[in-house]
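Protein sequences appear in the order of chains A and B.
Numbering follows my numbering, with no gaps: position 300 of the first sequence is 304.
Numbering follows my numbering, with no gaps: position 134 of the second sequence is 344.
All C-beta atoms, glycine included, are put in the ideal place defined by N, C-alpha and C.
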Amino acid sequence: MTAIAAAPALSMVKIDKRFPGVQALKDVSIEVRRGEVVGLIGENGAGKSTLMKILSGVYQPDSGAILIAGDPTRLANAADANRKGIGMVFQEQSLLTNLTVGENIYLGNEAQFTRFGVVNWKSLYAAAERQLEKVKVDVDPRKRTEDLSFAERQMVELAKALTLEEHAAGHLVILLDEPTSVLERVEIEILFARVRALRARASFIFVSHRLEEVLQLSDRIYVMKDGAVVAELLAADASVTMLHHLMVGRTLQAEYYREPLQKPFREEIYLESDALTLGNAYRDISFTLHSGEILGIAGVIGSGREELTRTLAGFAPHDRGKLSVAGREVSLRTPAEAVDCGIGYIPRERRVEGLVLFLSVAANITLADLARLTSYGLIDAGEERRLAKDWVDRLNIRTPGINTLCLNLSGGNQQKVVLAKWLNAKVRILILDHPTRGLDVGAKEDVYELVRAVTAEGMAIVLTSDTLEETIGLSHTVLVMRDGEITYRTDAQAGHKPRQIDLIGHMV
Amino acid sequence: MKRSIEHFGPEQIRRWLPLATLVILVILVGLAQPTFLQFSTLVELASDTAVLFVLATGVTFVIMLGGIDLSIQSMASLASVIIALSVARFGYGSFVLAVGTGALAGVLSGVVHVRLKIPSFIATLATGGVLFSIALVISRERSIMLDDASREYQNWITGKTLGLPNVIYIGLLALAFAHTLQARTRFGRYSAAIGAGEPAAYASGIKVGRQKIFAFALSSGFAALAGVILAGRLASGSPTLAAELLLPSIAAVVVGGTAITGGVGSIWRTLVGSLIISVVRIGMTFLGVNIFAQNIVFGVVLIAAVAITIDRTKIPIVK
């Protein structure tokens, strides 16, 4: 391969980055050579996004060095990274849909077309047209971006990134962050062909969850896990199974998910759904959830499991079928109705939907059940303090005090506060929506431990998770969803755990 | 002791700045005009603050939620007209009518804001216009003086008890009521939660819409009470009686340290803010500043207060 001999366009050397309570990156070194496409893979929380944010100047590393064409440099902010030749094509597309394609391509860089404060639109659109030719996409730069397909927009993003070569001194490095997630197969092929054709102009870092695509497009692949690079290999030598194995990094460790603590569930049915349907999101979903049971729902993005989770938490009522809580038919139109039915929701967006960051630990813990603390209309402050202290002790929440703002707690302890809130409200069903997202390994284990403890006492749990491994490890029963329907269901009690490969076949 | 010094960061400064400002202002005006510090002047100051404080207290509930109520001055004026027109016939029932109308108007603003999802400043700007017009129509665009019989009913406002004007007691009652509501009840806690993080409050099962509507009812009800007090003190009702009070009221809330973005604040802060506004107003009169120039000062003070109290590094976009 010629790429091996090529000079490095960009190197990151021994990068460390800490956030409160989490070591996001440790000792990460990555090199991108001229004209090379480098794949970067890892599970959610492995540190990919942090690394990308450092490269695009959003975060500063705590230690370590960034070298561009061999020279140490500092990327002060996004504009500075752009100037130094680092461009980004975002997962959530960054184009402003109310502007035209040409306006988007030169947004913030209109100066070159401006005389006496007036933009010469003719020359801007002519230049935009030349940019679009580079990526061989046939759209009128005067068209409004909202009238473009997602695939076309992705190409426009790429064209926009390529404008950097007009002012960046060196070779370009373009970060492609999950660029294929909204594209159809054919569109992906076109995107890949363009990327390959552009290698004379730029190097690429390709971040994706889709391992086949990473193998197909990349020359070399870095695998990240728990904030560190665990493998670097040539795409030619790798396979999907091998990458997956490296990413997950442990063959199912029963100990990790506290499997010995997994107890059989009870007879009593807490939640039952019969042919539950919501528009195009999901259809004919039937299951029963018993006291003490963890029901894991597996599926890729678009499988409908996210919408099903939201329905159970009261955010998106179903429109056909039947949902019963403890034998009584319900329609959960708001979270308040779900809470009244004894259902608590632990959301993926912990800092937005889980906690009020600017309220104290105590106020957050009692938030879902203040009625019990209220007599003659007044909150019993002493009782509130006592309850809050009690939960802090029982869940071992590490906080300076119960009056500390939740803002100042680490992710794992924030998650414990959310859990304490629902335990305090005495809910009987918990909807866990990616409960360990963004937590480091130790904090994850704390969460697993607590999940085992509450189910042992009879709590019923519906779980969606970032990783299949976690779903299998925690659940008693696993449902697999694809295109809005259940395609497979299996027992997953301790001792009968299904293999990931068995489930993947029903997911895709 | 060491701890408190260590923690005397920007957060602490923001917290104590309003009270420090009040003390310094009182001392400054007192130095310039020693009569200002006489007991009788201070009592006068407290009486004058009552209307502003009641008005500001109501709107504090809405601001805590992250909203705003621009209809309060129109509501206060309308309440004064209702008193002037009906007190002769209904007696004390007229006060209930006025405050009840206020609460109802607030519910209306709240419903428009919550159910139709219209930003509170538009919703209350509109209801404010409606209320102002109603006041104009029912008063036939004139100022109505209270006759002697009607004035009899104003004694609970204009009279004195134990040597102090009754308005001061009314203000203190409003303080006690509002503070209890804000600091000790579920409504108060939910307001803080909604103001600081509405999605989390909603996901925790709080009926967010209901809390908001209640807050608007309070705001408008307090505004009507302020109008009632004003009518009693001036012995008249008029559609423009409270016309200059919107800016000072909102300035009082914000100067006191309640964040205009919601979530952080208290009735005590509004009390401090109201006193600051009053001291500035009376101080200016003492120092001979033209009364019509006062809103220039309040405008500047409002902007300065927002600039100081909000940590703008945490707010990337302001609309």
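Close Cβ partners of B:Phe424 (< 7 Å) along its chain, the five nearest in sequence each way excluded: On the second sequence, position 214 is the one that residue 424 of chain B refers to. Counting only Cβ-Cβ distances below 7 Å, and skipping sequence neighbours, we find Phe397.
Who pairs with B:Met274 in a beta bridge, going by DSSP? As a first step, residue 274 of chain B must be located in the second sequence, where it is residue number 64. Answer is none; B:Met274 lacks a bridge partner.
Apart from the five residues on each side of it in sequence, which residues of its chain come closer than 6 Å, Cβ to Cβ, to A:Met348? As a working mapping, residue 348 of chain A is identified with position 344 in the first sequence. With the sequence shown as reference, residue 348 of chain A is identified as Gly, and Met is not the correct amino acid for it. The residues are Trp426, Val431 and Leu434.
Determine whether the Cβ of B:Thr371 lies closer than 7 Å to any Cβ atom of chain A. Mapped onto the second sequence, residue 371 of chain B falls at position 161. Not an interface residue.
Between A:Gly416 and chain B, is the shortest Cβ-Cβ distance under 7 Å, so that the two count as touching? The residue you call residue 416 of chain A lines up with position 412 of the first sequence. No, A:Gly416 lies away from the interface with chain B (no Cβ there is under 7 Å from its Cβ).
Does the contact criterion of 3 or more C-beta pairs under 8 Å hold for the region 446-457 of chain A versus the region 411-421 of chain A? yes
Is it true that the CB of B:Ile477 sits closer than 7 Å to the CB of B:Thr267? By 1-based counting over the second sequence, the position of residue 267 of chain B is 57. By 1-based counting over the second sequence, the position of residue 477 of chain B is 267. Against a cut-off of 7 Å, the Cβ pair of B:Ile477 and B:Thr267 comes out as a contact.
7 Å is my cut-off, CB to CB: does A:Ile383 come that close to chain B? In the first sequence, residue 383 of chain A corresponds to position 379, counting from 1. Put simply, the CB of A:Ile383 is near chain B, with a gap under 7 Å to one of its CB atoms.
Could you tell me which chain A residues have their CB closer than 9 Å to the CB of B:Gly473, listed as they occur along the chain? Working through the second sequence from its first residue, we reach residue 473 of chain B at position 263. What B:Gly473 touches in chain A: Val360, Phe362 and Leu363.
Closest Cβ-Cβ distance between B:Thr395 and chain A: below 7 Å? Locating residue 395 of chain B in the second sequence gives position 185, where the first residue counts as 1. So, interface residue.
Just checking: is the beta-carbon of A:Thr281 within a distance shorter than 7 Å of some beta-carbon in chain D? Of the protein chains in the structure, A and B, none is chain D.
Find out if the Cβ-Cβ distance for the pair A:Asp278, A:Lys326 is shorter than 7 Å. On the first sequence, position 274 is the one that residue 278 of chain A refers to. On the first sequence, position 322 is the one that residue 326 of chain A refers to. Cβ atoms of A:Asp278 and A:Lys326: closer than 7 Å.
Should the region 368-383 of chain B be regarded as contacting the region 312-319 of chain B, the criterion being three or more beta carbon pairs within less than 8 Å? no
Spatial distance of A:Asp288 from A:Gly462 (CA atoms): Along the first sequence, read from residue 1 onward, the residue named residue 288 of chain A stands at position 284. Along the first sequence, read from residue 1 onward, the residue named residue 462 of chain A stands at position 458. Their Cα atoms are separated by approximately 27 Å.
Within 7 Å (strictly less), CB to CB, does B:Ala469 reach chain A? In the second sequence, the residue the question calls residue 469 of chain B occupies position 259. Taking Cβ atoms only, chain A never reaches closer than 7 Å to B:Ala469, which makes this a no.
Burial state of A:Met92, where buried means 16 or more other Cβ atoms lie within 10 Å: Along the first sequence, read from residue 1 onward, the residue named residue 92 of chain A stands at position 88. Buried, since its Cβ has 16 or more Cβ neighbours within 10 Å.
Report the neighbours of B:Arg224 on chain A: residues whose CB is nearer than 7 Å to its CB, in chain order. Numbered from its first residue, the second sequence carries residue 224 of chain B at position 14. Within 7 Å Cβ-Cβ: nothing; B:Arg224 doesn't reach chain A, min ~14 Å.
Which word fits A:Phe120, buried or exposed, when buried means at least 16 other C-beta atoms lie within 10 angstroms of its C-beta? Here residue 120 of chain A refers to the residue found at position 116 of the first sequence. That one is exposed.
Against A:Pro4, what residues of chain B qualify as contacts under a CB-to-CB distance less than 7 Å, listed in chain order? Only positions 5 to 512 of chain A appear in the structure, and residue 4 of chain A is not among them; the question remains open.
Quick one: what's got a C-beta closer than 6 Å to A:Cys345's C-beta in the same chain, skipping five residues either side? For the purposes of this step, residue 345 of chain A is taken as the residue at position 341 of the first sequence. Within the same chain, A:Cys345 has close Cβ partners Val329 and Val334.
Among A:Gly231, A:Val227, A:Asn102 and A:Val244, nearest to A:Leu237 - alpha-carbon criterion: Along the first sequence, read from residue 1 onward, the residue named residue 237 of chain A stands at position 233. Here the closest residue by C-alpha is A:Val227.
If you follow the alpha helix (DSSP H) that A:His510 is in, where does it begin and where does it stop? Within the first sequence, numbered from 1, the residue matching residue 510 of chain A stands at position 506. Per DSSP, A:His510 belongs to the alpha helix (DSSP H) from Gln504 to Met511.
Can you tell me where the alpha helix (DSSP H) with B:Phe426 in it begins and where it stops? Your numbering for residue 426 of chain B matches position 216 in the second sequence. Looking at the DSSP string, the run of the alpha helix (DSSP H) that includes B:Phe426 is Val418 to Leu444.
Buried or exposed, going by whether 16 or more other CB atoms sit within 10 Å of the CB of A:His500? Counting from one through the first sequence, the residue named residue 500 of chain A turns up at place 496. Exposed, because fewer than 16 other Cβ atoms sit within 10 Å of the Cβ of A:His500.
Residues bridged to A:Ser414 by DSSP? Here residue 414 of chain A refers to the residue found at position 410 of the first sequence. Bridge partners of A:Ser414: none, in fact.
Is there a Cβ of chain A sitting closer than 7 Å to that of B:Lys422, yes or no? One-based indexing of the second sequence puts residue 422 of chain B at position 212. With 7 Å as the cut-off, B:Lys422 does not count as an interface residue toward chain A.
Please list the residues of the region 408-422 of chain B that have a C-beta atom closer than 8 Å to any C-beta atom in chain A, keeping them in chain order. Result list: Pro409, Ala410, Ala411, Tyr412, Ala413, Ser414, Gly415, Ile416 and Lys417.
Enumerate in chain order the residues of its own chain whose CB-to-CB distance from A:Leu71 is below 6 Å, with the five nearest sequence positions on each side excluded. Against the first sequence, residue 71 of chain A aligns to sequence position 67. Within the same chain, A:Leu71 has close Cβ partners Ser15.
If we call anything under 7 Å between Cβ atoms a contact, is A:Ser243 one with A:Gly43? Your numbering for residue 243 of chain A matches position 239 in the first sequence. Your numbering for residue 43 of chain A matches position 39 in the first sequence. No. Outside cutoff.
Counting only C-beta atoms, is A:Leu374 closer than 7 Å to chain B at any point? Here residue 374 of chain A corresponds to residue number 370 of the first sequence, with the count starting at 1. For A:Leu374, the answer is yes, since a Cβ of chain B falls inside 7 Å of its Cβ.
Quick one: give me the first and last residue of the alpha helix (DSSP H) that A:Glu129 is part of. Here residue 129 of chain A refers to the residue found at position 125 when the first sequence is read from its first residue. According to the sequence displayed, residue 129 of chain A carries Tyr and not Glu. Here the alpha helix (DSSP H) through A:Tyr129 covers Trp125 to Lys138.
Buried or exposed, going by whether 16 or more other CB atoms sit within 10 Å of the CB of A:Trp395? Walking along the first sequence from the start, residue 395 of chain A turns up at place 391. A:Trp395 comes out buried.
Which of helix, strand or coil DSSP assigns to B:Arg213: Within the second sequence, the letter at position 3 stands for residue 213 of chain B. Per-residue confidence for B:Arg213 stands at a pLDDT of 41, beneath the threshold of 50, marking its modelled position as unreliable; the derived number appears in the next sentence. In the three-state scheme derived from DSSP, where H, G and I count as helix and E and B as strand, B:Arg213 is classed as helix.
Just mark B:Gln392 as buried or exposed, buried being the case when its beta carbon has 16 or more other beta carbons within 10 Å. As a working note, residue 392 of chain B is residue 182 in the second sequence. Buried, because 16 or more other Cβ atoms sit within 10 Å of the Cβ of B:Gln392.
Pick helix, strand or coil for A:Arg262, following the three-state DSSP scheme. In the first sequence, counting from the first residue as 1, residue 262 of chain A sits at position 258. A:Arg262 sits in coil when the DSSP states are folded into three classes, being neither helix nor strand.
Please list, in chain order, the chain B residues whose beta carbon lies closer than 9 Å to that of A:Ala367. For the purposes of this step, residue 367 of chain A is identified with residue 363 of the first sequence, where counting begins at 1. Neighbours of A:Ala367 on chain B, chain order: Arg399, Ala402 and Ala403.
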